[in-house]
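Undergrad: Would you mind keeping the following structure in view while I ask a few things?
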Amino acid sequence: MLQGIDRRENDFTNDVKDMPYEEFPEWCKLQYEYANGRLLPAGYVPQSIYWLYIDGEPVGIGKIRWKLTETSREAGGNIGYAISRQYRGHGYGTILLKSLIDIAKSGNCPELLATVKKYNYASKRVMEKCSGELVRETDERWYYRLG
Numbered sequence: 000m001l002q003g004i005d006r007r008e009n010d011f012t013n014d015v016k017d018m019p020y021e022e023f024p025e026w027c028k029l030q031y032e033y034a035n036g037r038l039l040p041a042g043y044v045p046q047s048i049y050w051l052y053i054d055g056e057p058v059g060i061g062k063i064r065w066k067l068t069e070t071s072r073e074a075g076g077n078i079g080y081a082i083s084r085q086y087r088g089h090g091y092g093t094i095l096l097k098s099l100i101d102i103a104k105s106g107n108c109p110e111l112l113a114t115v116k117k118y119n120y121a122s123k124r125v126m127e128k129c130s131g132e133l134v135r136e137t138d139e140r141w142y143y144r145l146g
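Right under this line is the structure:
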């Protein structure tokens with residue numbers, strides 16, 4: 000599933016694109032540490048990763064950064080998702096983002112901001128379906144407050 004998402008697609012970073020399978024377990028362990036606020040690179044905040052499975056198949060990945068930084072306020076926000084190419088257009092982005100919003104709210108995330116590249120009309124529709132409030136716009140991005 001992760002191979003169906005580019006390394007950097009619409010501000011979503013997929014670190015495991017083209018990663019050898021043998022390295023994936025170590026990557027997962029590192030994500031666990033990040034989620035718990037350990038081993039974070041300078042400037043990073045705790046981040047949790049979630050998977051969307053449909054009928055036993057992984058179709059999407061979501062991320063919640065538990066704090067907003069000045070950098071993430073400009074690009075990326077603190078909540079995001081990606082759906083594997085072969086599963087796009089079936090409403091899975093909406094399902095995943097709604098779930099991420101619920102998780103973030105229950106985890107006391109103080110603020111949720113998502114940024115959408117201006118050419119990504121599919122994600123713009125997902126934001127609107129998830130009651131996203133357009134709070135800002137630049138030449139490159141739309142900025143949505145969620146939750």
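Residue numbers for the sequence shown follow numbering that gives the first Met the number 0, so the first one is 0 and each next one is one higher.
Cβ coordinates follow ideal geometry from the N, Cα and C atoms, glycine included.
Remember, it's a predicted structure, so these values are computed and weren't measured experimentally.
(1) To test your reading of the DSSP string, which unbroken beta strand (DSSP E) runs of 3 or more residues are found completely within the segment 17–91?
(2) DSSP state of T114, grouped into three classes?
(3) Quick one: grab the DSSP three-state call for W127.
(4) So, are the CB atoms of K116 and R140 less than 7 Å apart?
(5) Going by DSSP, which residues form a beta bridge with G133?
(6) If you measure between the beta carbons of I91 and G131, is that distance less than 7 Å?
(7) Of the choices H89, L96 and A121, whose alpha-carbon is the least far from that of I78?
(8) So L29 packs on L38, CB below 8 Å; how close in whole Å?
(9) In whole angstroms, what separates the C-alpha of E110 from that of M18?
(10) How about A148 and P24: are their beta carbons less than 7 Å apart?
(11) If distances are taken between C-alpha atoms only, which option among Y52, T93 and I48 comes closest to R64?
TA: The answer reads as follows:
(1) 46–53, 56–64 and 78–82
(2) Taking the first residue of the sequence shown as 1, we reach residue 114 at position 115. Strand.
(3) Residue numbering aside, residue 127 sits at position 128 when the sequence shown is read from its first letter. Checking the displayed sequence, the identity of residue 127 turns out to be Glu instead of Trp. If DSSP states are grouped into helix, strand and coil, E127 belongs with the helices.
(4) Working through the sequence shown from its first residue, we reach residue 116 at position 117. Working through the sequence shown from its first residue, we reach residue 140 at position 141. In contact: K116 and R140 (Cβ atoms closer than 7 Å).
(5) In the sequence shown, residue 133 corresponds to position 134, counting from 1. Checking the displayed sequence, the identity of residue 133 turns out to be Leu instead of Gly. In DSSP, L133 forms a bridge with Y143.
(6) Your numbering for residue 91 matches position 92 in the sequence shown. Your numbering for residue 131 matches position 132 in the sequence shown. Looking at the sequence itself, residue 91 is Tyr, so the reference to Ile does not match. Cβ atoms of Y91 and G131: not closer than 7 Å.
(7) Here residue 78 refers to the residue found at position 79 when the sequence shown is read from its first residue. It is L96 whose Cα lies nearest to the Cα of I78.
(8) As a position in the sequence shown, residue 29 is number 30, starting the count at 1. As a position in the sequence shown, residue 38 is number 39, starting the count at 1. Their Cβ separation, rounded to whole angstroms, is 7 Å, which keeps L29 and L38 in contact under 8 Å.
(9) Walking along the sequence shown from the start, residue 110 turns up at place 111. Walking along the sequence shown from the start, residue 18 turns up at place 19. Going by the C-alpha atoms only, they are around 32 Å apart.
(10) Nothing about residue 148 can be reported from this structure: the residues present for the chain run from 0 to 146 only.
(11) Numbered from 1 along the sequence shown, position 65 holds the residue referred to as residue 64. When only C-alpha atoms are compared, the closest one is I48.
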